[in-house]
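Novice:
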Amino acid sequence: MTSEKTWIGRPVTRIEDGRLIRGEGRFMADINPVPGIRHAAILRSPYAHAAIRSINIQEALLRNGVLGVFTGEMINRELNPFPVGVSAPVNYYPIAHSKVRYVGEPVAVVVAENRYVAEDALRDIVVHYDTLPSSMDIEPAKGQLDPSALLHEDILNNVASSRRFEYGRCEKELKQAEVVLTNRFRYPRNTAVPIETYGVIANYESHSDYYTIWSNFHGPFTLHSVMAHALKIDTHKLRLCSPSDIGGSFGVKSAVYPYAVLMGVVSKLVRCPVKWVEDRLEHMQGSSSATQRITDVTMGLSCGGKITALKLVQYDDVGAYIRAPEPATLYRTHGNLTGAYDIRNVLVENYAVMTNRVPTGLIRGFGGPQLYFPLERMIDIAARHLGIDPVDMRRRNFIRIDAFPYTTASGAVYDSGNYQAVLEQALEKSEYNHFRHQRSETSGSLRYGLGVAAVVEPSGSNMGYVSLAFTPTERMAQWPKSGAAAAATVAIDPLGGISVRLDSVPEGQGHETVARQIVADALTVPMDAVRVIVEMDTATSAWTVSSGSYSSRFASAGSGAILGAAQKVRDKLLVLAAAKLGIDVSTLHLHQGWVWQDKQKTVWSLRRLAGSIHWNPADMPKGIEAGIHETCYFTLPQVSAPSVDDRINSSAVYGFLIDIVKLAVDIETGQIRILDYTTVHDAGTLLNPLLAQGQIYGGIAFGIGSALYEELVYDNNGQLLTGSLMDYFVPTISEMPKHLKLSHHSTPTELTPLGAKGLGEGNVMAAPAAIANALSDALGIEVLHLPLTPQTVFELMHSHQRKEATRT
Amino acid sequence: MLKVKHDELATLNMAVNGHYYRRAVESRLLLVDFLRDELGLTGTHVGCEQGICGACTVLIEGVPARSCLHFALSMKGKEITTIEGLSEWPQFPAIAEALSRRHGVQCGFCTPGIVASMITEEGVSEEEIDVLLAGHLCRCTGYVGIRQAWQDILAKKEGK
Amino acid sequence: MKPAGFDYFRPETLDEVLSLLDEFGADAKILAGGQSLVPLMNMRLAQPQVIIDINDIAEAEDIKEGYQELEVGALVRQRALSRYTGKDSTWELLRLGLGHVGHPQTQNRGTVGGSIAHADPSAELPLLFLTMGGEAEIWNLHGSRKVPAEQFFQFVFSTVVQPHEFLKAIHWKRPAVQAGFGFYEFSRRRGDFAIASAAAIVEIDRQKCLTRIRLGLGGVASTPLLAEGVDKLYGTTWSTREIEGWLTTVRSDLDPPEDSMVKADFRRHLAGLAAAKAFSSAYQSAFKKWEEYPDA
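Protein chains in written order, with the working numbering: chain A, 9 to 816; chain B, 20 to 179; chain C, 126 to 421.
#1: Under 7 Å, CB to CB, which of the residues in the stretch 110-122 of chain B have a partner in chain A?
#2: Cβ of Phe-311(C) less than 8 Å from any chain A Cβ?
#3: Excluding the five sequence neighbours on either side, which residues of its own chain have a C-beta within less than 6 Å of the C-beta of Trp-363(C), listed in chain order?
#4: What does the alpha-carbon distance come out to for the pair Gly-397(C) and Asp-245(C)?
#5: Which residue's Cα is closest to the Cα of Ala-499(A): Gln-703(A), Phe-478(A), Gln-575(A) and Thr-303(A)?
#6: Which of the three DSSP states, helix, strand or coil, is assigned to Ser-822(A)?
#7: What are the residues in the stretch 393-405 of chain C lying within 8 Å of chain A by C-beta distance?
#8: Please classify Leu-193(C): is it buried, with 16 or more other beta-carbons within 10 angstroms of its beta-carbon, or exposed?
#9: Tell whether a beta-carbon distance below 8 Å holds between Ala-168(B) and Gly-127(B).
#10: In chain order, which alpha helix (DSSP H) runs of at least 4 residues are fully inside the stretch 685-735 of chain A?
#11: Pairs of beta-carbons, one from the stretch 302-310 of chain A and one from the stretch 174-193 of chain A, closer than 8 Å: are there three or more?
#12: Which residue comes first and which comes last in the alpha helix (DSSP H) that contains Val-125(A)?
#13: Who pairs with Trp-604(A) in a beta bridge, going by DSSP?
#14: Run through chain A and tell me which residues come within less than 9 Å of Glu-10(B), C-beta to C-beta.
#15: From Gly-373(A) to Thr-100(B), what does the alpha carbon distance come to, in whole angstroms?
#16: Report the rounded CA-to-CA distance for His-306(C) versus Asp-674(A), giving the unit in angstroms.
#17: Using a Cβ-Cβ cut-off of less than 8 Å, give me the residues of the stretch 67-94 of chain B that come near chain C, in sequence order.
#18: State the beta-bridge partners of Asp-178(C) as determined by DSSP.
#19: Tell me the start and end of each unbroken alpha helix (DSSP H) in the stretch 743-811 of chain A that is at least 4 residues and wholly inside, in chain order.
#20: Helix, strand or coil, according to DSSP, for Thr-532(A) in the structure here?
#21: Which stretch, first to last residue, makes up the beta strand (DSSP E) that contains Trp-264(C)?
#22: Leu-162(C): beta carbon under 7 Å from a heavy atom of the ligand ADP?
#23: The beta strand (DSSP E) spanning Thr-76(B) covers which residue range?
#24: For Asn-624(A), count the other beta carbons within 10 Å of its own beta carbon; 16 or more makes it buried, fewer makes it exposed. Which is it?
#25: Let me make sure I understand the geometry here. Which of Gly-44(A), Thr-190(A) and Ile-371(A) has the alpha-carbon closest to that of Asn-211(A)?
#26: Taking only beta-carbon positions, decide if Gly-96(B) is within less than 8 Å of chain A.
#27: Return the bridge partner residues of Tyr-267(A) from the DSSP annotation.
#28: If you compare alpha carbons, which of Ser-424(A), Met-773(A), Ile-680(A) and Val-274(A) is closest to Val-119(A)?
#29: Can the beta-carbon of Ala-496(A) be found closer than 8 Å to that of Ala-573(A)?
#30: Since Gly-222(C) and Ala-324(C) should fall inside the 8 Å C-beta cutoff, what is the C-beta to C-beta distance between them, to a whole number of angstroms?
#31: Could you give the distance in angstroms between the alpha-carbon of His-622(A) and the alpha-carbon of Asp-579(A)?
#32: Decide if Gln-287(C) is buried, meaning its Cβ has at least 16 other Cβ atoms within 10 Å, or exposed.
#33: Quick one, are the C-beta atoms of Gly-692(A) and Gly-663(A) less than 8 Å apart?
#34: Between Met-9(A) and chain B, is there a C-beta pair that is closer than 8 Å?
#35: Output needed in chain order: residues of the stretch 145-166 of chain B with a Cβ under 7 Å from some Cβ in chain C.
#36: Does DSSP put Asp-154(A) in a helix, in a strand, or in coil?
And the structure:
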C-alpha cells in the first residue's frame with residue numbers, strides 16, 4: 009500500500025470562511041426564494057396569564073399597505089395542536105386563542121407590504137384581556153392549586169409529566185450510609201442568544217395543498233412530522249428548507265418550528281408567500297430557553313468518601329406548554345446521571361412543571377448544565393464535609409480504566425475513557441498543586457479560589473430517550489424509538505466533479521470543511537476537488553428523523569455517514585475498475601485520484617471511471633447501476649430503545665473533560681474575575697483540531713455566561729425583566745479570561761468509524777460547576793444557585809455572616 | 020432645508036462603496052434596511068436594532084458605526100462603506116487570512132461588522148483591541164480567535 | 126422593531142432649528158448622534174412626530190478651549206472629545222469618564238450634548254457634567270440662557286431644557302491646575318451603564334489641606350448627585366477617620382433605586398465604594414501634582 013497524506017486530524021482552515029468574511033453568506037433574512045413575498049409581524053401578549061375577551065382587527069385591516077390580519081382563532085381553526093411528548097392533555101398551538109399563557113405569546117399576525125407597515129398595524133389591533141393569576145413556581149404546590157392558576161384545564165398543579173426511577177437499592181443504601189448529605193440547587197433559565205434571530209419564509213400552494221417553508225430550523229427532523237400533523241397534511245406535502253448559512257443557534261433555533269407552522273397557515277390565509285424575521289425583543293420573549301431546574305440531591309457516602317447512593321429529585325420549569333421535544337431536558341442525560349462516577353444505587357424523580365414563562369427547548373448543553381451543576385457541586389460539598397481534597401474525592405469515585413465499556417446504573421454504555429489520565433493531565437496543565445498552596449492568600453478585598461469539574465459528555469442522542477417520559481406500559485402501546493442516524497450523499501458528475509450533501513444543517517460548526525476532509529481522504533483527491541452542500545431540503549436531501557444539528561452529533565454520527573457514502577463511491581469505482589481491467593478488486597485501491605494495483609498505477613483515474621459511468625452506461629458490468637450518487641445512512645446499533653426496566657443508553661458515545669478554574673472574588677464588590685481556565689478533553693480522535701479548539705473556546709464563553717451573567721429574569725407576575733441585550737448580559741471579550749489553556753487526551757472510540765466523539769457542549773456543562781466550586785472554595789460558602797452576579801455574591805456573604813453571627 | 024413628511028418619499032443620494040445611488044425613501048427607513056433591502060448589500064446583518072450587538076457595523080465617513088441606529092435619510096450626502104466595499108480594500112486580504120488562520124469565524128454572522136472595526140482602527144494596542152472588540156458580540160468563538168487574528172495584524176504592522 | 130413614521134426636517138442654520146422647535150415643541154425630538162434616541166424609536170418607546178436632524182448645523186460641531194472653560198458644541202461626537210481630552214491632563218476627568226461610555230463604535234456617532242440632554246442617571250456624561258461643573262448653553266427663538274450644571278438635571282430623562290429649546294453647547298468648567306481627578310464605575314460589562322459610579326475632583330493647598338472637593342455619584346438616584354457636607358473637610362489634611370465618616374454619611378443619605386439585578390442596599394454599598402475609590406484617587410493625584418510641581 010502507498011501511504012496517503014490524510015486530511016482528517018489536521019487543523020485545516022475552513023472553506024466557509026471565504027464567503028462569510030466577505031459578507032457573502034446567505035442567511036434567512038438575505039434570501040427571497042420565491043417572488044411576491046410579503047412581510048409579517050406578530051402581536052404578542054403583554055400578560056403572562058390572561059383570558060382573551062375580544063380582538064378587534066378592523067382598524068388594522070384598513071391601514072394602507074396591509075394585506076391581512078389574522079387572530080389566533082382564525083389561524084388555529086386550520087390546525088391540529090402540536091403533538092407533545094407526554095400523555096398530559098396539553099393543547100399547544102403556535103398562537104394563542106381564548107387564553108394567553110406567557111408574555112410574548114403570539115396573539116395575532118399582520119401581513120403587509122413591508123415590516124414597517126406591519127408593525128404600524130400591530131398598534132391598530134385592540135385586544136381586551138381578563139388577567140389571571142400567574143403560576144411561577146417550579147416546585148409543584150403541596151396542596152391543590154386554585155383552578156384560575158392552572159395553565160391548562162385538567163392538568164393538576166401544572167405538572168405535565170412526572171416519573172420515578174430506581175436503579176439498585178438506593179433508598180436502602182441511603183438508610184444505611186455512614187454519611188448522608190442533602191442540598192437543594194437551582195439552575196437558572198438562560199438562553200442561547202445567537203446573533204441571528206429566527207427567520208421563516210412560508211409559501212402555500214393551494215392547488216396541491218403543499219407547504220414549502222424556508223427557515224433556520226436545524227432539526228431534529230422528528231419535528232417534521234410534528235409540523236405536518238399540526239398542519240393537517242400528509243408529510244410529503246411539507247417541504248422544509250434551511251439555507252447554507254445559519255447565524256448560530258446553540259439549539260435554540262430548533263424551536264423555530266411553531267413559527268414555521270404559523271407562517272405556513274398565514275401564507276395559506278393571505279394567499280401569498282410570507283416572510284417573518286424575528287426581532288431581538290421577540291427573540292428574548294418568545295423563542296425558547298433552557299429549563300430552569302431545582303434539584304434536591306441526596307448523596308450517601310462512606311466515611312472514606314466512596315459514594316454509595318445518589319438520589320436526585322429534579323423539577324424542570326418547561327414554561328407555558330410542554331413543547332416537543334420536552335421533557336427531553338430531563339432525559340437527555342438519563343443514562344449518564346452518575347457522571348464520571350461508579351455509583352450503582354440511583355434514584356431519580358423527574359417533574360416537568362408548566363409555568364407562565366416561554367416554553368423551553370434545546371440550548372447548548374441541553375440537560376448537561378442542569379445535571380452537572382448540582383452533581384459536581386455535591387462532590388465538592390461532600391469532600392469538604394469529609395475533609396478530603398475535592399480532586400481525591402473524584403479519584404476515589406471515578407470509573408476505573410479497566411471497567412470500560414462501562415454500563416451505568418441507568419443504562420448508558422460508556423464506550424471508552426481514561427478519566428484518571430485526563431484528570432492528571434489537567435492538574436499538571438493548570439498547575440493545580442501550585443495554586444492550591446496559594447489559595448489561602450488574600451490581597452486586600454480579593455479572595456482566591458480553585459474549582460474542578462469532571463464531566464462525561466454525551467454525544468449523538470438516542471432518539472428513544474424522550475420516550476422514558478412514558479411508563480414501560482405506555483411505551484409498549486407505541487412503536488419503539490431508538491437510534492442516532494445520520495445521512496450523507498456523495499456524487500460524482502460526468503466530468504469527475506465531486507459533491508457531498510449533508511443532513512447536518514450546520515450553524516457555524518464548520519461541517520463543510522470536515523466533510524471535505526473526510527471525502528478527500530476517502531477518494532484520495534485534493535480537498536478543493538470536493539464541493540459540500542449543506543442546504544437542507546426535505547424534498548431532495550437524504551434525511552431521517554434524527555437528522556440535524558444537535559447533541560454534538562456531527563462527530564459521532566454525521567462523520568460516519570459522510571465516510572460511509574464516500575466509501576460506497578470508492579467501492580463502486582473500484583469494482584468498475586476491476587471489471588474493466590479484468591482483475592480481482594481486492595488488489596485495487598485509490599491513490600492520488602487514480603486506481604492502483606498494489607504499487608502500480610493503472611490506466612484508470614477516478615475522473616475517467618466516473619466519466620465512463622455517465623457517458624458509457626451501456627458498457628457497465630452487470631449489477632452496477634448507471635450513476636454515481638451514493639447515500640449512506642449511518643447509525644450505531646448500541647443506541648437502542650429503552651428497556652422494560654427503564655434503562656437507556658441515551659447517547660451514542662461519551663467523551664470526557666476536566667475543567668479547572670482559578671478565580672479571584674472581590675468580597676467588597678461581589679465581582680468575580682477568572683484568572684486562569686484549563687480544560688482537558690477526551691473526545692477520541694479529533695477530526696480537525698482547529699475546529700475542536702473553536703468549539704471549546706466558544707463553549708467556555710457560553711459556560712462563563714451561564715455561570716456569571718445570564719438569566720431570563722421574570723417577576724412574580726410573569727413579566728420578563730431581561731428582554732433586551734441591554735439587560736440580558738452576553739459575555740463580551742472583556743469577560744473572557746486571558747489565560748485559557750486547553751489540551752486533549754485521546755481514547756478513540758471503536759463505535760464510530762473515525763474514532764471521534766462530540767465535544768461542543770462539554771464546557772457548557774462543566775464551566776458553571778467549576779466556577780461555582782471555585783467561588784465556594786474562595787469564600788468558604790457553598791454556592792447553591794446561579795448566575796453568580798455581584799448581587800448574588802453580596803447576598804451569599806451577608807446571609808453567611810448572619811448565620812455565623814447567630815452561631816457565635 | 021430638507022423637509023419630508025412621514026407619508027412622503029424623499030430622494031436620497033448616497034455614496035456606498037464608491038458607487039452613487041439615488042433612491043426614494045421614507046424618512047424612517049433605517050440605514051441598515053436601506054443597505055440590505057434597497058441596495059441588496061446583505062453582508063451587513065441585523066442582530067438587535069438596539070446598537071448593542073455590533074453585527075450591523077459599517078463605516079460612516081470612514082469610521083465604524085451602527086447602521087441600525089441611523090436613518091438612511093440622515094446619511095444623505097455621506098459616504099458609507101459596507102463589507103462588500105471593505106473586501107476590496109488592500110488591507111482586507113491580511114485580515115481575512117488572519118481570521119481564518121486563527122479560526123476567528125464560526126457562523127460568520129457577526130464577522131462583517133467586526134471586519135469594519137478591524138480595518139479602520141489604525142495602530143491600536145492590545146488593550147485597545149479589547150476595547151474595540153467589546154463593541155461586538157460573538158456567541159460562537161469566545162472571541163479568542165478574533166483577538167488573536169487582530170493581534171497578528173497589529174504585530175505585523177509593528178514589525179514593519 | 127421598526128420606528129414609527131415621523132416628519133423629518135433637516136435645518137441648516139441655528140435659526141431654523143429654533144423656529145422648528147418653536148413650532149413643534151414637545152412633538153419634536155432633536156436628532157444628533159441618535160445613539161440613545163434611535164434605539165428607543167426602534168422599540169417604539171419613543172414615537173416623536175417630528176425629527177429635527179441637526180447634523181448640518183456647522184456651528185455646533187466645534188470644540189473651543191478658553192481660559193475658563195471648554196466649549197463643546199451639540200454635534201461633537203464622544204469619540205472626538207475623548208481624543209481631544211487625551212492630549213491634555215487638564216481634562217483628564219473627562220477622559221477617564223469617557224472611557225466608560227458605550228463602545229468606540231457608538232462613541233463615533235454619539236454626541237456629548239445628546240447624552241447630557243438625554244439625562245440617563247446612570248450614564249457617565251451627565252455625572253461628569255455635574256461633577257466638573259460648568260454651564261449648559263440653551264437657546265430658543267427669543268434668545269439664549271446659560272444654566273449651571275448643578276441646576277440642569279431634574280429627573281430621570283428630564284432636564285431644564287424645555288420642549289421649544291435647544292441645548293447648543295456644554296461649557297465645561299476648567300479645573301484648577303493642581304486639581305486631582307478620580308473616576309470609578311461598577312457595571313456588569315465594559316461599556317454598560319453604571320450600577321453605581323463616582324467622579325471626584327480634589328484640590329489641596331501647599332500644606333496638603335483640602336481646599337475644594339467635588340464628588341459626584343451616578344446611578345443612585347433619578348439624576349446624578351453631588352455629595353454634600355464637603356466644606357467641613359476644607360482646611361483639614363487627610364484624615365482617614367474624618368473622610369470615612371463623611372463618606373459614610375454620603376452613603377447612608379442615598380436612597381438608590383432597585384431593579385431585577387441590583388437591590389437598593391447593594392447599590393448603596395457599591396456607590397459608597399465607588400465614592401471612596403474615586404475620592405481617594407483624586408486626592409492621590411492632587412497630592413502627586415504638588416510633589417511633582419511644588420511651584421505650581
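Ideal placement from N, C-alpha and C gives every residue a C-beta, glycine not left out.
Specialist: Per the coordinate set shown:
#1: If the cut-off is 7 Å between Cβ atoms, the stretch 110-122 of chain B has Ala-115, Leu-118, Ser-119, Arg-120 and His-122 near chain A.
#2: In terms of beta-carbon proximity, Phe-311(C) lines the interface with chain A, with at least one pair separated by less than 8 Å.
#3: Closer than 6 Å at the Cβ level, and outside the excluded window around Trp-363(C), lies no residue.
#4: Gly-397(C) and Asp-245(C) have their C-alpha atoms some 20 Å from each other.
#5: Ranking Gln-703(A), Phe-478(A), Gln-575(A) and Thr-303(A) by Cα distance to Ala-499(A) puts Gln-575(A) first.
#6: The structure shown does not extend to residue 822(A), since chain A is modelled only from 9 to 816, so the question has no answer here.
#7: Cβ contacts with chain A come from His-394, Leu-395 and Leu-398.
#8: Rather than Leu, the amino acid found at residue 193(C) in this sequence is Gln. Gln-193(C) counts as exposed, since fewer than 16 other C-beta atoms from the protein chains shown sit within 10 angstroms of its C-beta.
#9: No. Outside cutoff.
#10: Fully enclosed alpha helix (DSSP H) runs of 4 or longer: 697-712.
#11: With a cut-off of 8 Å on Cβ pairs, the stretch 302-310 of chain A is in contact with the stretch 174-193 of chain A, counting three or more such pairs.
#12: Val-125(A) -> alpha helix (DSSP H) spans 123-130.
#13: In the DSSP assignment, the residues bridged to Trp-604(A) are His-597(A) and Lys-609(A).
#14: In the structure as shown, chain B begins at 20 and stops at 179. Residue 10(B) is therefore absent and cannot be evaluated.
#15: Answer to the nearest angstrom: the Cα atoms are 39 Å apart.
#16: The question names His, yet the displayed sequence has Phe at residue 306(C). Computed Cα separation, rounded: 24 Å.
#17: Within the stretch 67-94 of chain B, the qualifying residues are Glu-68, Gln-69, Gly-70, Gly-73, Thr-76, Ile-79, Val-82, Pro-83, Ala-84, Arg-85, Cys-87, Leu-88, His-89, Phe-90, Leu-92 and Ser-93.
#18: In the DSSP output, where bridge partners are listed per residue, Asp-178(C) has Leu-156(C).
#19: For the stretch 743-811 of chain A, whole alpha helix (DSSP H) runs of length 4 or above, ordered along the chain, are 770-787.
#20: Reduced to three states, the DSSP call for Thr-532(A) is coil.
#21: Unbroken beta strand (DSSP E) run through Trp-264(C): 259-265.
#22: This structure lacks the ligand ADP; in fact it carries no ligand of any kind.
#23: Here the beta strand (DSSP E) through Thr-76(B) covers 76-79.
#24: It counts as exposed.
#25: Comparing Cα-Cα distances from Asn-211(A) to each of Gly-44(A), Thr-190(A) and Ile-371(A), the minimum goes to Gly-44(A).
#26: Not an interface residue.
#27: Looking at the DSSP assignment, Tyr-267(A) forms no beta bridge with any residue, so it has no partner.
#28: Among Ser-424(A), Met-773(A), Ile-680(A) and Val-274(A), the Cα nearest to that of Val-119(A) is on Val-274(A).
#29: Against a cut-off of 8 Å, the Cβ pair of Ala-573(A) and Ala-496(A) comes out as a contact.
#30: With 8 Å as the limit, Gly-222(C) and Ala-324(C) qualify as a contact, their Cβ atoms being about 6 Å apart.
#31: Taking the Cα positions, His-622(A) is about 17 Å away from Asp-579(A).
#32: Answer is exposed; the Cβ neighbour count stays below 16.
#33: Taking 8 Å as the cut-off, the beta carbon of Gly-692(A) is found closer than this to the beta carbon of Gly-663(A).
#34: Residue placement at Met-9(A) is poorly supported in this model, since its pLDDT is 39, which falls under 50; the coordinates are not used for a value here.
#35: Within the stretch 145-166 of chain B, those residues whose Cβ lies closer than 7 Å to any Cβ of chain C are, in chain order, Val-150, Leu-151, Ala-153 and Gly-154.
#36: Asp-154(A) falls in the coil class under three-state DSSP.
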